[in-house]
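The sequence shown begins at 1 in full-length UniProt numbering and counts up by one. No residue lacks a Cβ here, since even glycine has one placed at the ideal position from N, Cα and C.
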Amino acid sequence: MAPLRHHEYPTTESEYEAELTETENEHAAELKKVEDKVQGQISRYLLFGAVSVVINITLFYLFYHTMGIEYQLANFIDWLISVQVSFWLDRQFVFKHKSNKPMKEMGTFYMTRVITFLIETLLLWLGISVIGANKTITKVIGHIIALVLNFFVSKKLVFKNQPAPAD
């Protein structure tokens, strides 16, 4: 809607009420679009996040249990691979982000993931080395916490300022 010119401003109470109602309806429609977009992103993030979790946990299991790699190293290797998969899934399908700078975004994506990797590593150390909890269950809990944090970090820092196309 184009801004009103001085001579177009409502002059009577009924004109003012009509203009206010129209503005409120437009605002409500825009708010609904934003809410739908966010709900769609969350739904897609949960779906593709599940793919990421399966990849992450499967690789951890293979590296640690099958190949006998020390759990922190196994966690690091599976993290590198699953972050790469997550970047492309999030960019393409979750946030539907389009830009000419995927490598710059990937760098930012990895940097933000370092924080959640460190959180997950700390949780693994606490759960496995300090408490003596089941390694795979501890890994699942740590990864779920990292996954939730990653959604908000990706939305606000990595795939920002680019409107997603309507579903």
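Asked: Indicate whether residue 119 and residue 145 have their beta-carbon atoms separated by less than 8 Å.; Found: yes
Asked: Determine the contact status of residue 64 and residue 74, defining contact as a CB-CB distance below 8 Å.; Found: yes
Asked: Do three or more CB pairs link the region 101-111 to the region 123-139 at distances below 8 Å?; Found: no
Asked: Ordered along the chain, which non-local residues of its own chain (more than five positions away) have a Cβ less than 7 Å from that of residue 133?; Found: 127
Asked: So, helix, strand or coil for residue 164, using DSSP?; Found: For residue 164, the predicted model reports a pLDDT of 45, less than 50, meaning its position is unreliable; a value from the coordinates is still stated below. Three-state DSSP puts residue 164 in coil, outside helix and strand.
Asked: When DSSP labels each residue in this structure, what does residue 96 get in the three-state scheme?; Found: coil
Asked: Using C-beta distances below 7 Å, list every residue in its chain close to residue 163, excluding the 5 sequence neighbours before and after it, in chain order.; Found: With a pLDDT of only 49 at residue 163, under 50, the local geometry of the prediction cannot be trusted, and no value is derived from it.
Asked: What three-state label does DSSP hand residue 70 in the structure shown?; Found: coil
Asked: If distances are taken between C-alpha atoms only, which option among 71, 43, 17, 136 comes closest to residue 174?; Found: The displayed coordinates of the chain run from 1 to 167. Any statement about residue 174 would go beyond what the structure contains.
Asked: In whole angstroms, give me the CA-to-CA distance for residue 155 and residue 85.; Found: 17 Å
Asked: If you check the beta carbons only, do residue 147 and residue 53 fall under 8 Å apart?; Found: yes
Asked: Going by DSSP in three states, residue 159 sits in which element: helix, strand or coil?; Found: coil
Asked: CB-CB under 7 Å to residue 61, same chain, minus the five flanking residues each way: which ones, in chain order?; Found: 136
Asked: Could you tell me the distance, in whole angstroms, from the CA atom of residue 19 to the CA atom of residue 151?; Found: 39 Å
Asked: Is residue 79 buried or exposed, if buried means 16 or more other CB atoms sit within 10 Å of its CB?; Found: buried
Asked: Mark residue 41 as exposed unless 16 or more other C-beta atoms lie within 10 angstroms of its C-beta, in which case mark it buried.; Found: buried
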